[in-house]
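J.: Numbering (the working numbering), first residue to last: 126 to 289.
For glycine and all other residues, C-beta sits at the position ideal for the given N, C-alpha and C.
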Ligand code: ADP
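#1: DSSP on residue 219, reduced to helix/strand/coil?
#2: Excluding the 5 residues preceding and the 5 following residue 234 in the sequence, name in chain order all residues of the same chain whose CB lies nearer than 7 Å to its CB.
#3: Is residue 267 near the ligand ADP, in the sense that its beta carbon is under 7 Å from a heavy atom of that ligand?
#4: Should residue 151 and residue 162 be called a contact, given that it needs their Cβ atoms to be closer than 8 Å?
#5: Determine the direct distance from the alpha carbon of residue 184 to that of residue 273, and round the result to whole angstroms.
#6: Mark residue 200 as exposed unless 16 or more other C-beta atoms lie within 10 angstroms of its C-beta, in which case mark it buried.
#7: On the three-state DSSP scale, how would you describe residue 275?
#8: Can you give the beta carbon distance from residue 209 to residue 130, rounded, assuming they're within the 8 Å contact cut?
#9: With respect to 7 Å, is the separation between the Cβ of residue 147 and the closest non-hydrogen atom of the ligand ADP below this value?
#10: Can you check the segment 202 to 275 for any alpha helix (DSSP H) of at least 4 residues that lies completely inside it and give the ranges in chain order?
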């Protein structure tokens with residue numbers, strides 16, 4: 126039987142400890158996990174697609190069965206072309222559910238063979254989001270308890286544009 130590949134798609138702008146928690150959980154469930162870094166169409170962008178891809182790679186380098194790729198386009202088509210059997214999404218609280226529910230049904234209609242699998246975040250990350258990190262960073266606050274070290278280094282040392 127061929128190895129089971131799951132994609133974990135997101136914009137990861139920036140990648141947080143909550144995202145890392147989900148990748149680690151997924152890597153224990155599937156043979157291979159690809160973190161799929163998508164173009165962020167949100168106007169409040171912090172990092173470029175390439176910066177985000179490199180950072181996710183740094184943050185997940187300890188996980189043997191995890192790879193990272195960036196992509197632009199329709200996720201359902203892309204997941205099919207990669208031969209993925211599942212899309213992993215993280216759930217923090219009930220408020221995530223409505224959006225995730227709609228996305229999962231849309232993706233199922235477009236790619237019926239690919240299951241969306243929801244993993245619950247560790248309790249300590251239930252209130253961590255990329256948008257909160259962007260906001261705190263914009264105002265010069267301490268983001269060290271929200272993001273992995275490589276992200277902290279880049280955000281603290283690089284002149285990344287703040288909220289646009
Ligand atoms: P998107 O723009 O696709 O929502 P994100 O990068 O914000 O991408 O999130 C990617 C996935 O990770 C989503 O399923 C989101 O619910 C999940 N996620 C975000 N933050 C956390 C967290 N703190 N714990 C668990 N899952 C999370």
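T.: Taking the coordinates as given:
#1: helix
#2: none
#3: no
#4: no
#5: 7 Å
#6: buried
#7: helix
#8: 5 Å
#9: yes
#10: 219 to 235, 255 to 263
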